[in-house]
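First comes the structure, then the notes that go with it.
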Amino acid sequence: MNNDRSSSLLPVPLGLLKIDEEVNSANGVRPVWFSLVLPTYQESKNVPTVVERLTELLDRKIPGEYELIVVDDDSPDRTWEVAQSLMPDYPQLRTMRRIKERGLSTAVIRGWQAAEGKILGVIDADLQHPPEVLLQMLDGMEKGADLVVASRHVEGGGVSDWSFIRRFLSRGAQTIGLVILPGVVGRVSDPMSGYFMVRRSAIAFQKMNPLGYKILIEVLGRGKIREVVEVGYVFQERQEGESKVTWKQYLEYLGHLVRLRLDLWQIGRFVRFGVVGFSGVFVDMAVLYLLSDPSTLAWGLTRSKIIAAEVAIANNFLWNDAWTFADISRGQKGWRQRGKRFLKFNIVCLVGLTLNVLLLNLLFNLFGVNRYLANLIAIAAVTVWNFWLNLKLSWRVTEIKK
Ligand code: GDD
Ligand code: MN
Numbered sequence: 010m011n012n013d014r015s016s017s018l019l020p021v022p023l024g025l026l027k028i029d030e031e032v033n034s035a036n037g038v039r040p041v042w043f044s045l046v047l048p049t050y051q052e053s054k055n056v057p058t059v060v061e062r063l064t065e066l067l068d069r070k071i072p073g074e075y076e077l078i079v080v081d082d083d084s085p086d087r088t089w090e091v092a093q094s095l096m097p098d099y100p101q102l103r104t105m106r107r108i109k110e111r112g113l114s115t116a117v118i119r120g121w122q123a124a125e126g127k128i129l130g131v132i133d134a135d136l137q138h139p140p141e142v143l144l145q146m147l148d149g150m151e152k153g154a155d156l157v158v159a160s161r162h163v164e165g166g167g168v169s170d171w172s173f174i175r176r177f178l179s180r181g182a183q184t185i186g187l188v189i190l191p192g193v194v195g196r197v198s199d200p201m202s203g204y205f206m207v208r209r210s211a212i213a214f215q216k217m218n219p220l221g222y223k224i225l226i227e228v229l230g231r232g233k234i235r236e237v238v239e240v241g242y243v244f245q246e247r248q249e250g251e252s253k254v255t256w257k258q259y260l261e262y263l264g265h266l267v268r269l270r271l272d273l274w275q276i277g278r279f280v281r282f283g284v285v286g287f288s289g290v291f292v293d294m295a296v297l298y299l300l301s302d303p304s305t306l307a308w309g310l311t312r313s314k315i316i317a318a319e320v321a322i323a324n325n326f327l328w329n330d331a332w333t334f335a336d337i338s339r340g341q342k343g344w345r346q347r348g349k350r351f352l353k354f355n356i357v358c359l360v361g362l363t364l365n366v367l368l369l370n371l372l373f374n375l376f377g378v379n380r381y382l383a384n385l386i387a388i389a390a391v392t393v394w395n396f397w398l399n400l401k402l403s404w405r406v407t408e409i410k411k
């Protein structure tokens with residue numbers, strides 16, 4: 010096989026599915042502006058045509074400032090080999106062959122990780138997405154959009170020859186998405202689109218965790234997307250090869266929606282916070298015993314309780330810092346920063362304690378709620394309060410300045 014740079018394969022990025030803010034130009038090539046990923050599986054018959062058409066189009070619009078990245082999942086029809094054989098004739102073409110990892114969404118992200126552009130795009134390799142639409146999409150990006158989506162459901166958009174069932178399934182999937190993630194799915198008319206481009210800076214630093222086919226949902230859900238532009242397109246019929254969509258993709262789509270919903274609500278983090286809070290109760294009890302019990306030090310109750318509460322707060326802080334919010338504190342090291350977080354945590358907890366007492370009194374005295382039930386409600390409410398406040402104040406993700 011030819012080993013010169015012009016036809017060697019791109020190394021597959023490993024590790025987290027996270028895109029760097031800094032443009033990857035490790036191989037010394039001048040960074041390009043626009044990187045377009047073509048995910049492929051069994052597309053050997055389509056790749057030569059789609060590469061030719063895209064090259065013709067982009068050579069006219071932004072010569073030398075773009076790259077095409079085919080990301081193939083080791084297709085049995087050797088799509089990657091076909092793409093590789095085209096590289097000497099198409100200097101902007103690059104090819105990645107993934108052997109271990111599988112799946113459309115992760116293929117797109119791996120392609121973007123290897124990309125050099127400030128604008129990251131994706132297009133199907135089977136020519137169902139008409140290449141000409143790219144021109145309008147690029148205009149949208151040039152005018153400052155963070156995300157441009159090619160949509161079947163705006164003016165100029167549509168599907169060519171879809172059966173009633175297929176239209177129904179597509180709209181049904183969109184509706185379910187709207188119910189589970191209204192603030193994400195509702196931002197575009199065609200959230201199922203696999204034809205879009207996004208500003209690198211809008212998705213850099215966010216750890217992606219997609220499942221299945223719908224990478225746009227992931228970008229909308231985790232990215233910092235302000236301005237969105239939509240461009241109409243007609244979904245073409247496939248000429249060669251076949252679609253890889255089966256019932257499995259519908260299940261993965263549902264799983265993906267649920268996962269994103271829980272992540273955005275930070276459910277996992279909240280459970281950890283609750284567990285840590287629970288551990289604090291035991292620390293508090295133990296210290297109270299050691300200090301105030303007649304059989305031990307027999308200090309005054311108030312003094313003992315204040316110390317016990319503070320030790321419990323310190324205990325909770327350490328666990329929260331090392332576990333509940335580990336992803337955030339890892340990026341904010343140093344004793345000063347840590348001390349600041351501890352101080353804020355202390356204040357939030359003290360305000361929480363005051364609220365706890367007030368709420369307990371309110372429920373018990375004013376609404377006549379049973380005192381233990383009232384206490385439970387107060388504790389639950391204050392836990393949520395403490396969690397949100399600490400998330401917003403103590404372990405705030407500070408914007409990284411450029
Ligand atoms: N690397 C990689 N790995 N590529 C894949 C995989 C995979 O596991 N599965 C599919 N692809 C590639 C295909 O080769 C094709 O280039 C593209 O992803 C889309 O796959 P199709 O199987 O042709 O999808 P479709 O035509 O049914 O669905 C398309 O239509 C949707 C609109 O409803 C997809 O493009 C969606 O992204 C699009 O939104
Ligand atoms: Mn297709």
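In the working numbering, the protein residues as written are 10 to 411. All C-beta atoms, glycine included, are put in the ideal place defined by N, C-alpha and C.
The region 279-295 / the region 237-257 touching (three or more Cβ pairs under 8 angstroms) = no
Between the Cα of Gly195 and the Cα atoms of Leu63, Ile226, Asp293, Ser17, which residue gives the shortest distance?
-> Start at 1 with the first residue of the sequence shown, and residue 195 comes out as number 186. It is Ile226.
Distance CB(Asp81)-CB(Thr58) smaller than 8 angstroms = If you number the sequence shown from 1, residue 81 lands on position 72. If you number the sequence shown from 1, residue 58 lands on position 49. Result no, Cβ atoms of Asp81 and Thr58 do not sit closer than 8 angstroms.
With 16 other Cβ atoms within 10 Å as the buried cut-off, status of Glu408 | The sequence position of residue 408 within the sequence shown is 399, counting from 1. Confidence in Glu408 is poor, its pLDDT being 47 and thus under 50, which makes the residue's placement unreliable; the coordinate value appears in the next sentence. It counts as exposed.
Own chain residues within Cβ distance below 7 angstroms of Asp199, not counting five before or after | Within the sequence shown, numbered from 1, the residue matching residue 199 stands at position 190. Within the same chain, Asp199 has close Cβ partners Val158, Ser160, Arg161, His162.
Gly181 to Gln215, Cα distance in whole Å?
-> For the purposes of this step, residue 181 is taken as residue 172 along the sequence shown, with counting starting at 1. For the purposes of this step, residue 215 is taken as residue 206 along the sequence shown, with counting starting at 1. So the alpha carbons of these two residues sit roughly 29 angstroms apart.
Within this structure, are the beta carbons of Val32 and Glu125 separated by less than 8 angstroms?
-> In the sequence shown, residue 32 corresponds to position 23, counting from 1. In the sequence shown, residue 125 corresponds to position 116, counting from 1. Contact flag set, yes.
What is the C-beta distance between Val56 and Val91, in whole angstroms, given that I count them as a contact (C-beta under 8 angstroms)?
-> If you number the sequence shown from 1, residue 56 lands on position 47. If you number the sequence shown from 1, residue 91 lands on position 82. Right, the Cβ-Cβ distance comes to about 5 angstroms (below 8 angstroms), so this counts as a contact.
Using three-state DSSP, classify Glu239 as helix, strand or coil.
-> Start at 1 with the first residue of the sequence shown, and residue 239 comes out as number 230. Three-state result, Glu239: strand.
Using a threshold of 8 angstroms, state whether the C-beta atoms of Asn395 and Cys358 are closer than that.
-> Your numbering for residue 395 matches position 386 in the sequence shown. Your numbering for residue 358 matches position 349 in the sequence shown. In this structure, Cys358 lies closer than 8 angstroms to Asn395 by Cβ.
First and last residue of the alpha helix (DSSP H) that includes Met150?
-> Taking the sequence shown and counting its residues from 1, one reaches residue 150 at position 141. First-last of the alpha helix (DSSP H) with Met150: 142-151.
Under the assumption that Lys127 contacts Arg209 (Cβ atoms under 8 angstroms), give the Cβ distance between them as a whole number of angstroms.
-> As a first step, residue 127 is located in the sequence shown; it is residue number 118 there, counting from the start. As a first step, residue 209 is located in the sequence shown; it is residue number 200 there, counting from the start. Right, their Cβ atoms sit about 5 angstroms apart.
Between the region 320-340 and the region 285-295, do at least 3 Cβ pairs fall closer than 8 angstroms?
-> Touching, yes.
7 angstroms CB neighbourhood of Ile337 in its chain, flanking five on each side removed | Locating residue 337 in the sequence shown gives position 328, counting from the first residue. Excluding sequence neighbours, Ile337 sits near Trp404, Val406.
Contact set for Asn399: own chain, Cβ-Cβ below 7 angstroms, skip 5 residues either direction | Here residue 399 corresponds to residue number 390 of the sequence shown, with the count starting at 1. Once the five neighbours on either side are set aside, the close Cβ partners of Asn399 are Phe354, Val357.
Find the nearest neighbour of Asp133 within the set Leu306, Ile386, Gln51, Leu385, judged by alpha-carbon distance.
-> As a first step, residue 133 must be located in the sequence shown, where it is residue number 124. Of the candidates Leu306, Ile386, Gln51, Leu385, the one whose C-alpha sits nearest the C-alpha of Asp133 is Gln51.
Coil, strand or helix - Ser179 by DSSP = Here residue 179 refers to the residue found at position 170 when the sequence shown is read from its first residue. The answer is helix: DSSP assigns Ser179 an H, G or I state.
Return the CA-CA distance between Leu271 and Ser304, expressed in angstroms with no decimal places.
-> Residue numbering aside, residue 271 sits at position 262 when the sequence shown is read from its first letter. Residue numbering aside, residue 304 sits at position 295 when the sequence shown is read from its first letter. Spanning the two alpha carbons is a distance of roughly 48 angstroms.
Return the bridge partner residues of Gly167 from the DSSP annotation.
-> Position 158 of the sequence shown, counted from the first residue, corresponds to residue 167. The beta-bridge partner set that DSSP reports for Gly167 consists of Val243.
Roughly how many angstroms lie between the CA atoms of Gly73 and Gln101, to the nearest whole one?
-> Locating residue 73 in the sequence shown gives position 64, where the first residue counts as 1. Locating residue 101 in the sequence shown gives position 92, where the first residue counts as 1. Rounded to whole angstroms, Gly73 to Gln101 spans 7 angstroms at the Cα level.
State the Cα-Cα distance for the pair Leu136 and Gly348, rounded to the nearest angstrom.
-> Mapped onto the sequence shown, residue 136 falls at position 127. Mapped onto the sequence shown, residue 348 falls at position 339. One C-alpha to the other measures close to 56 angstroms.
Beta-carbon spacing of Trp121, Arg106 below 8 angstroms = The residue given as residue 121 occupies position 112 in the sequence shown. The residue given as residue 106 occupies position 97 in the sequence shown. Result no, Cβ atoms of Trp121 and Arg106 do not sit closer than 8 angstroms.
Exposed or buried, what is Gly264 when buried is set at 16 or more other beta-carbons lying within 10 Å of its beta-carbon?
-> Position 255 of the sequence shown, counted from the start, is the residue given in the question as residue 264. Exposed, by the Cβ-count rule.
Segment limits, beta strand (DSSP E) that includes Ala159 | Translated into positions along the sequence shown, residue 159 becomes position 150. Here the beta strand (DSSP E) through Ala159 covers 156-160.
Sequence-distant residues of its chain with Cβ nearer than 6 angstroms to Val380 (five each side left out) = Here residue 380 refers to the residue found at position 371 of the sequence shown. Note that residue 380 is Arg in the sequence shown, not Val. Phe373, listed in sequence order.
Where DSSP assigns a beta bridge to Asp81, which residues make up the other side?
-> Position 72 of the sequence shown holds residue 81. Answer is Thr49, Arg106, bridged to Asp81.
Specify, as a first and last residue, the run of the alpha helix (DSSP H) that Met294 falls within.
-> Locating residue 294 in the sequence shown gives position 285, counting from the first residue. From DSSP, the alpha helix (DSSP H) with Met294 extends over 276-301.
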